[in-house]
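Residue numbers (this note's numbering), protein chains in the order written: chain A, 1 to 134; chain B, 1 to 113; chain C, 1 to 322.
What follows is a short report on a single structure.
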Amino acid sequence: MKSFQVSVSIISDADIVTARQQARELAKTFGFSSSELAVIAAAISELARNIVSYAKKGTIFVKLIQEQGKKGVLIVAEDQGPGIPDLHLAMQDGYSTMNSLGLGLPGVKRLMDTFEIQSTVGQGTAVTAKKWVM
Amino acid sequence: MKVPILKQGNILIATIQSALTDQDLISLKDNLSHQVIQHRSHGVVIDITELDVMDSFSTRTLRNIASILKLRGADTVIVGMQPDVAFAMVQLGLTLPNVKTARDLEEGLTLLK
Amino acid sequence: MEKDTESEPTSSYAYNLMKEMKLDEEEILHRKAWLEFEEPDVNRLLELNDMAQGYATEVIESLYDHFLKFDDTKKFFEDPQVLNRVKNLQKKYFLRLTNGNYDDQYIQERIKIGSVHASIGLDVKWYLGAYGFYLRAVGKRIFKAFKSNPEKALESYFSLEKLVYMDIGLAIDTYIYQREATIKIQQEAIRELSTPVLQLREELLILPIIGAIDSQRARQLTEQLLHAIRDKRAKVVVIDITGVPTVDSRVANHLVQTVDASRLMGATLIITGLSAEVAQTLVTIGVDLAKINTVGDLQGGIEEAERILGYHVTKSLEDDSK
Ligand SMILES: Nc1ncnc2c1ncn2[C@@H]1O[C@H](COP(=O)(O)OP(=O)(O)OP(=O)(O)O)[C@@H](O)[C@H]1O
Ligand SMILES: [Mg+2]
Numbered sequence: 001m002k003s004f005q006v007s008v009s010i011i012s013d014a015d016i017v018t019a020r021q022q023a024r025e026l027a028k029t030f031g032f033s034s035s036e037l038a039v040i041a042a043a044i045s046e047l048a049r050n051i052v053s054y055a056k057k058g059t060i061f062v063k064l065i066q067e068q069g070k071k072g073v074l075i076v077a078e079d080q081g082p083g084i085p086d087l088h089l090a091m092q093d094g095y096s097t098m099n100s101l102g103l104g105l106p107g108v109k110r111l112m113d114t115f116e117i118q119s120t121v122g123q124g125t126a127v128t129a130k131k132w133v134m
Numbered sequence: 001m002k003v004p005i006l007k008q009g010n011i012l013i014a015t016i017q018s019a020l021t022d023q024d025l026i027s028l029k030d031n032l033s034h035q036v037i038q039h040r041s042h043g044v045v046i047d048i049t050e051l052d053v054m055d056s057f058s059t060r061t062l063r064n065i066a067s068i069l070k071l072r073g074a075d076t077v078i079v080g081m082q083p084d085v086a087f088a089m090v091q092l093g094l095t096l097p098n099v100k101t102a103r104d105l106e107e108g109l110t111l112l113k
Numbered sequence: 001m002e003k004d005t006e007s008e009p010t011s012s013y014a015y016n017l018m019k020e021m022k023l024d025e026e027e028i029l030h031r032k033a034w035l036e037f038e039e040p041d042v043n044r045l046l047e048l049n050d051m052a053q054g055y056a057t058e059v060i061e062s063l064y065d066h067f068l069k070f071d072d073t074k075k076f077f078e079d080p081q082v083l084n085r086v087k088n089l090q091k092k093y094f095l096r097l098t099n100g101n102y103d104d105q106y107i108q109e110r111i112k113i114g115s116v117h118a119s120i121g122l123d124v125k126w127y128l129g130a131y132g133f134y135l136r137a138v139g140k141r142i143f144k145a146f147k148s149n150p151e152k153a154l155e156s157y158f159s160l161e162k163l164v165y166m167d168i169g170l171a172i173d174t175y176i177y178q179r180e181a182t183i184k185i186q187q188e189a190i191r192e193l194s195t196p197v198l199q200l201r202e203e204l205l206i207l208p209i210i211g212a213i214d215s216q217r218a219r220q221l222t223e224q225l226l227h228a229i230r231d232k233r234a235k236v237v238v239i240d241i242t243g244v245p246t247v248d249s250r251v252a253n254h255l256v257q258t259v260d261a262s263r264l265m266g267a268t269l270i271i272t273g274l275s276a277e278v279a280q281t282l283v284t285i286g287v288d289l290a291k292i293n294t295v296g297d298l299q300g301g302i303e304e305a306e307r308i309l310g311y312h313v314t315k316s317l318e319d320d321s322k
């Protein structure tokens, strides 16, 4: 039985590698080009790393989807961490509370075809993004 | 050591052979910093032909490696980046300013001569 | 059971086509419901089968006589062997109408017919006309046979008509589906052709971009180019955008990304044919033009590329000797 989704719990930096490898394997079966696979892997890497860095633990969920004749992949990154107080700021290029590049979230938005982020301080963060096969 | 480092004359060659965790990258940085001093190397080639993704963390770490090694008197050249990796990287908004790049190991070594 | 072994086995091609066209069980039931094609219709059609066996050959012969009267249809049957084979198939097809079992298998057979017609380039109008011819020929015979019971004749005829309309629906959908698929393939091919990555000499690629670029094409261009850089071991690439009518900020962004990505791979990109307006667009989106290697025209770009590659010495020697 072929599976259409994977779910990886993210606790340590090794899980980041697992998440992107599993997502890649899954997306490969759906006809994504090699360059799109690299894009998906990079996006997952960013989201999973944010979970490790800021929320300590969470889940990356990847699913193959089909809508209006289009094939694609849905990525959900969820955690019950501290949440993001100012989403507008967090989505800006170069904004980082960890003295990093601050390109993770805005970068993922550029990589994917759709991008949504929800966050409540004290409750957690959820990012939902989709990428269609070109 | 996850990333083997080879000494060739006064140049060090680090060849990435499999997917790296953040921890592996940090060890690479530490190992190179030590060995550059130890061997008085004047150049380092990091071969990333096998790497299938670059994200903000690995980019930042490679940049850091280059600037730390510079302070220790060695030039860094990143070689072998795959087209798909490069494309995803620039779409994310990432680049490697002030870091030399070359197509492959051979060219990287020539660049450091 | 017997019928299954008798009927021509449908190819996996037709099966796949049926799946691609999303003709699943639900859709088929839906179509039948819309045509009011029900159990009594199946029975009435089965009742016609014996009669059909009797007049099949005659009807087919008259249909082909009709075909041969028109140049457009005649040209398909120049070869008498082909004609014979097609007639036999046609007879099978004809008898299949009154064979019952209007299931998956039936649908696949019908799709296959539509697909064959589409691929030999037989226009829909000929197919439709031929079906009309059929209905008239069979109608006449049904009414003759049921002369004493015109009501039954009409009912039987209607049942046949419903099934024929289902066939026509399937055939036309197949035509449309295949035409769309062909167009898609052609578009792909055109896209590939319209962005040739040329190798001018060892380590030097030229990419003349002609025509409008939207973001999808821009993405494909970049992807293609970066792969070509690796596969052909290019050191310098000249992209000529003289033939691009407009460069908006999105396309300009792609250009910059392509420059950056090439550099990450260790190659140098030179852009030629950049108009003053495009240069302005680049500045507006915050691109530092100093970071992009631009040269006025393609010729200049190639010279610059050769200089980078270290060919300038040989070249000036050649010039001197002339
Ligand atoms: N899952 C999360 N939980 C809590 N805060 C988060 C989460 N993800 C991001 N943030 C906050 O949003 C900021 C921006 O995130 P982003 O990924 O864009 O940049 P970064 O992680 O700081 O740097 P980079 O990803 O470039 O290394 C982070 O600095 C952090 O404060
Ligand atoms: Mg981040």
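From the three backbone atoms N, C-alpha and C, an ideal C-beta is built for every residue, glycine too.
Assumed close pair residue i, residue j - CB separation to whole angstroms, cut-off 8 Å
i	j	result
Ala43 (chain A)	Ala129 (chain A)	7 Å
Ala74 (chain B)	Val36 (chain B)	5 Å
Ala171 (chain C)	Arg110 (chain C)	7 Å
Val256 (chain C)	Val287 (chain C)	5 Å
Sequence-distant residues of the same chain with beta carbon closer than 8 Å to residue i, five excluded per side
i	result
Arg263 (chain C)	Leu269
Ala267 (chain C)	Ile229, Ala234, Lys235, Val236, Val237
Gly243 (chain C)	Pro208, Ile209, Ile210, Gly211, Gly273
Leu68 (chain C)	Lys74, Phe77
Leu225 (chain C)	Val197, Leu205, Leu207, Val237, Ile239, Thr258, Ser262
Val3 (chain B)	Ala14, Thr15, Ile16, Gln17, Leu20, Asp24, Ser27, Leu28, Asn31
Same chain, Cβ closer than 7 Å to residue i, neighbours up to 5 away in sequence not counted
i	result
Gly139 (chain C)	Tyr157
Met112 (chain A)	Ala43, Ala129, Lys130, Lys131
Tyr54 (chain A)	Gly81, Pro82
Nonlocal neighbours in the same chain, by C-beta distance under 6 Å from residue i, ignoring five residues either side
i	result
Phe32 (chain A)	Val133
Lys232 (chain C)	Gln199
Thr294 (chain C)	Ile271, Leu274
Ser215 (chain C)	Arg250
Beta-carbon spacing of residue i, residue j below 8 Å
i	j	result
Gln91 (chain B)	Arg24 (chain A)	no
Ala38 (chain A)	Phe87 (chain B)	yes
Leu47 (chain A)	Ile75 (chain A)	yes
Val99 (chain B)	Arg60 (chain B)	no
Ile11 (chain B)	Leu32 (chain B)	no
Leu327 (chain C)	Tyr134 (chain C)	This structure gives no information on residue 327 (chain C), because the portion of chain C shown stretches from 1 to 322.
Val79 (chain B)	Gly108 (chain B)	yes
His254 (chain C)	Ala279 (chain C)	no
Leu46 (chain C)	Lys162 (chain C)	no
Met54 (chain B)	Val77 (chain B)	no
Ile113 (chain C)	Met18 (chain C)	no
Burial state of residue i, where buried means 16 or more other Cβ atoms lie within 10 Å
i	result
Met98 (chain A)	exposed
Ala115 (chain A)	Inspection of the sequence shows that residue 115 (chain A) is occupied by Phe rather than by Ala. Buried.
Arg136 (chain C)	exposed
Thr5 (chain C)	Annotation note: pLDDT 39 at Thr5 (chain C) (below 50); position unreliable, coordinate value reported separately. Looking at its Cβ environment, which holds fewer than 16 other Cβ atoms inside 10 Å, Thr5 (chain C) is exposed.
Tyr13 (chain C)	exposed
Thr182 (chain C)	exposed
Gln5 (chain A)	exposed
His117 (chain C)	buried
Phe70 (chain C)	exposed
Glu8 (chain C)	Note that Glu8 (chain C) scores a pLDDT of 46, beneath 50, so its modelled location is shaky; the value from the coordinates is reported in the next line. By the neighbour-count rule (16 or more Cβ atoms within 10 Å), Glu8 (chain C) is not buried but exposed.
Lys120 (chain A)	A quick correction: the sequence has Thr, not Lys, at residue 120 (chain A). Under this definition Thr120 (chain A) is an exposed residue.
Asn16 (chain C)	exposed
Leu71 (chain B)	exposed
Asn50 (chain A)	buried
Asp260 (chain C)	buried
Leu103 (chain A)	buried
Arg20 (chain A)	buried
Thr101 (chain B)	buried
Per DSSP, cross-strand counterpart(s) of residue i
i	result
Gly72 (chain A)	A:Ile65, A:Trp132
Asp240 (chain C)	C:Pro208, C:Thr272
Ala14 (chain B)	B:Ile5, B:Ile46
Thr125 (chain A)	A:Asp79, A:Ser119
Gln199 (chain C)	C:Leu205
Val8 (chain A)	A:Ile60
Val116 (chain C)	In DSSP, Val116 (chain C) forms no bridge with anything.
Ile78 (chain B)	B:Ile46, B:Thr101
Val295 (chain C)	C:Thr272
Thr110 (chain B)	Thr110 (chain B) pairs with nothing; no bridge assigned.
Thr281 (chain C)	Partner(s): none; Thr281 (chain C) has no beta bridge.
Any chain E beta carbon closer than 8 Å to residue i
i	result
Phe87 (chain B)	Any reference to chain E falls outside this structure, whose protein chains are A, B and C.
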